[in-house]
Every structure is written in structure tokens, then in C-alpha cells.
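Residue numbers (this note's numbering), protein chains in the order written: chain A, 52 to 208; chain B, 4 to 443.
Beta carbons: idealized from backbone N, C-alpha and C, even for Gly.
Because the structure is a prediction, the values reported are computed rather than measured.
Below is one structure; the comments refer to it alone.
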Amino acid sequence: MAVNRHEVENFLYREARLMDEHAYDDWLALWTDDALYWVPSNRDDVDPGKEVSLIYDDRIRLQMRIARLKSGVAHAQDPKSRMRRVLSNIEIEEAEGGDVIVTSNFMLAELRRGKHDIFAGRSIHRLRLYNGSFRIASKKVLLVNNDDYIDNLTFLI
Amino acid sequence: MDGVSLHRLVIDDEARGLFRVNRRIFTEPEYLEIERRRIFETCWIYAAHESELPRPGDFVSRRVAGRPVIAIRGDDGAVRVLLNTCTHRGALVCREDRGNAKSFQCPYHAWTFSQRGELIGVPGEESYSPAFDRKELTLGQPARVDTYRGFIFINFNRDAGELTDYLAGAKEYLDLVCDQSETGMKVSQGLQAYSIRANWKLLVENSYDGYHAVSAHRRYMRFLEDTGIDIKGSMNPRQEVDLGTGAGKGSRALDLGNGHAVIEYESPWGRPIAYWAPSFGESAKGRIEAARRRLEERFGAERAWRISGTSRNLGIFPNLVVNDIMAVTIRTFFPLTPDYLEVNAWSLAPANEHPQDAALRHDNFLTFLGPGGFATPDDIEMLETCQRGFANHEVEWSDISRGMKSAHPLMSDELQMRAFWRRWNELMTGSHARGSQCAA
Ligand code: FES
Ligand SMILES: [Fe+2]
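This is the structure we're talking about:
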């Protein structure tokens, strides 16, 4: 089956919009049950079992993350970050089992309590078709500044 | 002196049980200048852990108390700390965070230094006069370097006392952490680095603040409660309990001398070291209970209980925090300005830990800690809002009086912070705050 580039792009754009707009439940619904959401610390290629990461969520911790953000007492997102991000440089590769590996660059502007930050990086999505639409089986985010002192990372990246 | 008032920065009114800290010391740059000289250049400062340097030639290079330094294990097995600035004209001689090196060659004009800092190579040395002496151009070193149970400390004051005297009562608590393992404790590769727009002393207070956990981390505590843990009963105990026996839920706060302090409490949660809890799953039970028996053989039942069944948040003056909770965190930090600090945090674990225990520990570390964790960001937010609030300089004092008249200070009291502040005040002003009174 040939991957439809247009569909992949639409999926990523929608995910980006849901993250920008703090649409927590809709974003969580994009993930598979065996989801893995990973933001390495220090370098792009760390051993996540041995080295600390910034985020390394399985489905359960991902649900906890969303429950926390929705709880009304996630102080670090009260007030919420205002965000817009653009995606580009999308490369698509078919993987075994019918999965699709999509790598893309992002540039994210975040404003919170008067501080304007730029986050940039490369995301690697593993997408899986589920009932005719994509789900995210895994997502690894390689932050440009993962080796620097990082501010709040409690918004969705 | 120094053109800034050192008068009445801390009010320590024991008679009335009131303790106040003047908020100027969080905001005014003059105080940070004095702190640099009187605190960070006179106290023992944590630099690295020996487990980061297992083999000869292994080094880490990082900023410690704001200065770029290299910690390296030499071919003779000794650990040395070198100041990372070329004695020629200043460049960093080492620009890697970690690695293994026989020598360091400065990238600017290629002077080369040995593992001990000796100058061993100067291109075109014949152009220098006979007075040019390589021996005078050895890399700088902190005045003193010493280690305690793997923790490497440096001191910029030649006349400083011995590290073991400096650590005072904190040694016992480092022992409780290190005795967890027969194979030694090892710092995880990799760290979390984050910044906070607040004064560094607010992070000191926060690191062993048992009062804020239930309110500031309410959602995280709910997650723990969902796994069957009694948080309210544990985090706000109203009685001190003999931690040696493990009877009932208890906690205490202790002044360990020299500005060090600890809160120690019966763990409401399991600890992969040797204290099983249902959240760890039945499959881990046998293994973790066997580890507990092994601890009992080594140390007797009472100490084994303390090592495994209690948690502790330890603050070593001025800027080292060792939090031995589910995971063990080593955290150190340094202010760049009065309202900005940078934090480095590592995970410390038994060297040959069972992979499943390592996974439990790791999982907890990542859930709770760091800029993407479920608790640290809320702490950061609280500290940053305190710092913002200080712009109202008419509100002069912060209150640190909690539990001051209590015969049995608890983790939810503020004795640990008062221990820090008393030492801070002594070093800054050369005098005690004790007996100073609140204005009526
Ligand atoms: S500055 Fe290092 S060799 Fe010149
Ligand atoms: Fe906290």
C-alpha cells in the first residue's frame, strides 16, 4: 500500500493544532494502547532504560500526564502557555508491519507569563493505521536544546 | 562594609517562636556578590561523583559554583579537579562534557596539559625567554579537593576545615543512602538540566519543604493515593514517631550542624531498595523482601528499617540536595543572577541493581522529577511566583516560624530551613541572629 503523503501531513498538522490549543483529550485519542512518548535529555540517542530523559511515557503515564493537565491544579500550566508551531521538512518512510515512520521539523513559539520562548526540534512519529485512520504508536522529540538548561516543559511538544 | 546593609537580614526570636527572613536577600544583586565570596568560596561544594570516573583518564567537565572545572581520574587512580582555563590566555582546555583523556590540548594555541594539569607541551617554546617556566603554568586547582563516600567536593578556601568536619551530622545521612548497596552507588549517565527564574535560596527551602507537598503537588499525591498510599496521614503527621522501630507513621526534621538539615519520614510509598509496596507488583515482592533480609544481616533490623523503610530529603549547605525517596536524586544548583538559577539533577542508584528494580526507580524519577515531570514544574512555578511577589518590597519579611516552639519538629515544620538560614546569616554577617526580635 502506498502511503498518501497528503493524509500523513494532515494528520501531523492536526496533532500540532491539538497540542497548540491544549485539546488534551483529543490529543490523547490519537495514540495507540502501546504508545511511547519520548523526549530525551542531553543527547538525541540516550539509552532510555539507563539514562534519564525529560519525558519517557508509556500509555499509563501519558494518561496521567493528561489527567494532571486537566486537573485544574497543574500550576505550571496555570495560566496556560500560548503556543503556535509550524511543521516542515517532512520525510516519510514505510516500516515493517505497515507502520509509517514520519520525521519532521518543528518550530514552536511559546508565551507564558511574559516570557517568549522558541523551541525547535525534529520529531519522529511511528504511525499505525487503525480503523482507516492513523494513530501514533510512538513519538520521539529531539529538542535542539536538550543539552541546555530547560524551562517548563509541561505543555505538549 | 560592601556598601550594603547586613543588619537584620534574619530575625531569630526564639523567645516568641518567630523567625523571619528579609526579602531583600532574594532580590538585590549586592547580596549575591557577597554570597559568592563568603559562601561559595568558603564552603565545600559538590562537584562530581566518583562513579562518573570509573577508569583512569575518565573525566567530566562542568560548571561548579559558576566555574568551569574538570574532574579527572589520573593514571595513579587519584581524582583531581582542574580549573578549566588555559594558563596561556584563558581558553577552555576541555570542551567535552565527559570522556577519557590522556591529556588536554588547548584549541587556541595548542598548549598541552597532563591529567594532573602540568604543562607538557608548548609549540615554539624557543621563542620564550629563559624565565619562562612551565611549572608556573600548571592548570589551576581549587584550594582543596576531598571525597566522602564517592561524593567529590571542592573548596576554594585554603584554610577551610576538613570535609568530614564540615559535613557534620550530614555524614550519617549520606551513609544511610550509600549503605543501600554492597556494590557501591552509581550516578546515572545523563542528567536533567533546568533553569528557574527565582533566587537560589528558594530552591534550598523547597527541597526539604514537607509543608507544601500536599497542596502544591495535589494532583501527583492523588496519583499515589490511587495506588493505595496514605498520603495525608504520612505527609502531615502530627506526632513524631521513633523511626528506629517503624511503628506508625512519623517524621522528624533535624538540624545537622553547619547549615545542613534533613527531614526523615516513614515512607508512605515503596522503595525499590528494600521496601515493597503493592504498586511494585507481586512479582517484585520476593526479590525486594530478600534484599531487606540481606540488609538486616548486614546492619541489624533497626538500621535496615531506617535504610529501606524511611525516606529523607537532605540539604547539604549551601547547594547540594540528596533526596532519597523512591529514587535517589543528587541535585546541585548555582545562581547566575539574584533571580535566575541553573539546576543539575542526577539519579543515584545501587551499582548492580536488578533491572526490574532499576526500572521502578527510573520510572519514579521520570514521573516526579524534571522540567517534564509531574512535580518539579509546579515547584518551579511556586518559586517563580514568590520571586515575582517580592517586587512588593513594602512586604519586607518571609515567615519561617513553623514548628519553632515544637518539642518534636516534623517534616511539615520549618526547622530545616531555619538551620540553613542561621548558617547563611553567620557566614554573611559574621554574627548570630539568635535573640534578634521582631518589631512589634
Ligand atoms: S589560550 Fe590556550 S594555548 Fe593559548
Ligand atoms: Fe515540591
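Would a check of beta-carbon distances place residue i closer than 7 Å to chain A?
{"i": "phenylalanine 377 of chain B", "result": "yes"}
{"i": "glutamine 390 of chain B", "result": "no"}
{"i": "proline 321 of chain B", "result": "no"}
{"i": "asparagine 239 of chain B", "result": "With a pLDDT of 46 at asparagine 239 of chain B, under the threshold of 50, the predicted position of this residue should be treated as unreliable, and no value is reported."}
{"i": "arginine 221 of chain B", "result": "yes"}
{"i": "leucine 369 of chain B", "result": "yes"}
{"i": "aspartate 487 of chain B", "result": "Nothing in the structure corresponds to residue 487 of chain B, since chain B is present only between 4 and 443."}
{"i": "alanine 74 of chain B", "result": "no"}
{"i": "serine 350 of chain B", "result": "yes"}
{"i": "glutamate 3 of chain B", "result": "There is no way to answer for residue 3 of chain B, as the model of chain B reaches only from 4 to 443."}
{"i": "serine 191 of chain B", "result": "yes"}
{"i": "proline 353 of chain B", "result": "no"}
{"i": "serine 198 of chain B", "result": "yes"}
{"i": "alanine 18 of chain B", "result": "no"}
{"i": "proline 374 of chain B", "result": "yes"}
{"i": "glutamine 108 of chain B", "result": "no"}
{"i": "glutamate 345 of chain B", "result": "yes"}
{"i": "alanine 250 of chain B", "result": "With a pLDDT of 39 at alanine 250 of chain B, under the threshold of 50, the predicted position of this residue should be treated as unreliable, and no value is reported."}
{"i": "glutamine 195 of chain B", "result": "yes"}
{"i": "phenylalanine 62 of chain B", "result": "no"}
{"i": "glutamate 269 of chain B", "result": "no"}
Is there a C-beta anywhere in chain B that falls below 7 Å from the one on residue i?
{"i": "serine 155 of chain A", "result": "no"}
{"i": "alanine 160 of chain A", "result": "no"}
{"i": "glutamate 102 of chain A", "result": "yes"}
{"i": "aspartate 168 of chain A", "result": "no"}
{"i": "threonine 83 of chain A", "result": "no"}
{"i": "isoleucine 141 of chain A", "result": "no"}
{"i": "alanine 127 of chain A", "result": "yes"}
{"i": "leucine 105 of chain A", "result": "yes"}
{"i": "valine 195 of chain A", "result": "no"}
{"i": "tyrosine 75 of chain A", "result": "no"}
{"i": "valine 97 of chain A", "result": "yes"}
{"i": "arginine 119 of chain A", "result": "yes"}
{"i": "isoleucine 175 of chain A", "result": "no"}
{"i": "serine 189 of chain A", "result": "no"}
{"i": "valine 59 of chain A", "result": "no"}
{"i": "asparagine 203 of chain A", "result": "yes"}
{"i": "methionine 134 of chain A", "result": "no"}
Which whole-angstrom value describes the C-beta separation of residue i and residue j, a residue pair presumed to lie in contact below a C-beta threshold of 8 Å?
{"i": "asparagine 322 of chain B", "j": "phenylalanine 302 of chain B", "result": "Not a contact, Cβ separation roughly 30 Å."}
{"i": "leucine 56 of chain B", "j": "valine 96 of chain B", "result": "Actually they are not in contact, since the Cβ atoms of leucine 56 of chain B and valine 96 of chain B sit about 17 Å apart, beyond 8 Å."}
{"i": "alanine 219 of chain B", "j": "aspartate 381 of chain B", "result": "5 Å"}
{"i": "aspartate 168 of chain B", "j": "arginine 152 of chain B", "result": "Their Cβ separation, rounded to whole angstroms, is 15 Å, which puts aspartate 168 of chain B and arginine 152 of chain B out of contact at 8 Å."}
{"i": "asparagine 347 of chain B", "j": "alanine 196 of chain B", "result": "6 Å"}
{"i": "cysteine 389 of chain B", "j": "isoleucine 14 of chain B", "result": "Actually they do not touch by this definition, with Cβ atoms about 19 Å apart."}
{"i": "tryptophan 400 of chain B", "j": "arginine 26 of chain B", "result": "7 Å"}
{"i": "asparagine 182 of chain A", "j": "isoleucine 383 of chain B", "result": "With a Cβ gap of about 40 Å, asparagine 182 of chain A and isoleucine 383 of chain B do not count as contacting."}
{"i": "arginine 137 of chain B", "j": "tyrosine 111 of chain B", "result": "So it is not a contact: roughly 17 Å between Cβ atoms."}
Quick one: does the C-beta of residue i sit closer than 6 Å to a heavy atom of ligand 2?
{"i": "aspartate 416 of chain B", "result": "no"}
{"i": "aspartate 150 of chain A", "result": "no"}
{"i": "aspartate 84 of chain A", "result": "no"}
{"i": "aspartate 129 of chain A", "result": "no"}
{"i": "aspartate 382 of chain B", "result": "yes"}
Does ligand 1 have even one heavy atom less than 6 Å from the beta-carbon of residue i?
{"i": "arginine 92 of chain B", "result": "yes"}
{"i": "cysteine 97 of chain B", "result": "no"}
{"i": "tyrosine 530 of chain B", "result": "Chain B is shown from 4 up to 443; residue 530 of chain B falls before or after that span and cannot be answered."}
{"i": "cysteine 389 of chain B", "result": "no"}
{"i": "cysteine 46 of chain B", "result": "no"}
{"i": "tryptophan 114 of chain B", "result": "yes"}
{"i": "cysteine 181 of chain B", "result": "no"}
{"i": "cysteine 89 of chain B", "result": "yes"}
Spatial neighbours of residue i within its chain, please: CB distance less than 8 Å, with the 5 preceding and 5 following residues excluded, ordered by chain position.
{"i": "glutamate 128 of chain B", "result": "Phe135"}
Can you give me the Cβ contacts of residue i inside the same chain, cut-off strictly under 6 Å, excluding the 5 residues immediately before and after it?
{"i": "leucine 193 of chain A", "result": "Asp95, Gly172 and Arg173"}
{"i": "proline 281 of chain B", "result": "Gly231"}
{"i": "threonine 30 of chain B", "result": "Pro341 and Phe393"}
{"i": "isoleucine 276 of chain B", "result": "Gln183 and Ser311"}
{"i": "cysteine 181 of chain B", "result": "Arg152 and Met188"}
{"i": "isoleucine 28 of chain B", "result": "Leu12 and Tyr34"}
{"i": "threonine 186 of chain B", "result": "Ala354 and Asn355"}
Output needed for residue i: all residues of its chain with C-beta closer than 7 Å, excluding positions within five of it in sequence on either side, in chain order.
{"i": "glutamate 292 of chain B", "result": "Trp279"}
At a cut-off of 6 Å, is residue i close to ligand 3 when judged by its beta-carbon and the heavy atoms of the ligand?
{"i": "proline 59 of chain B", "result": "Ligand 3 is not part of the structure shown, which contains ligand 1 and ligand 2 as its ligands."}
Exercise. If you scan the segment 154-206 of chain B from start to end, which runs of the alpha helix (DSSP H) of 4 or more residues do you find wholly inside it?
Worked result: 166-170 and 173-181
Problem set entry | Within the segment 55-110 of chain B, ranges of the beta strand (DSSP E) (whole runs, at least 3 residues) | 61-67, 70-76, 82-86, 101-103 and 106-108
Exercise. Which runs of the alpha helix (DSSP H) spanning at least 4 residues fall entirely within the segment 75-117 of chain A, listed in chain order?
Worked result: 75-79
Exercise. What are the uninterrupted segments assigned as beta strand (DSSP E) that are 3 or more residues long and contained completely in the segment 318-364 of chain B, given in chain order?
Worked result: 323-327, 331-340 and 343-353
For this session: Could you tell me which uninterrupted alpha helix (DSSP H) segments, each at least 4 residues in length, are contained entirely in the segment 366-441 of chain B, listed from first to last along the chain?
Result: 379-392 and 418-432
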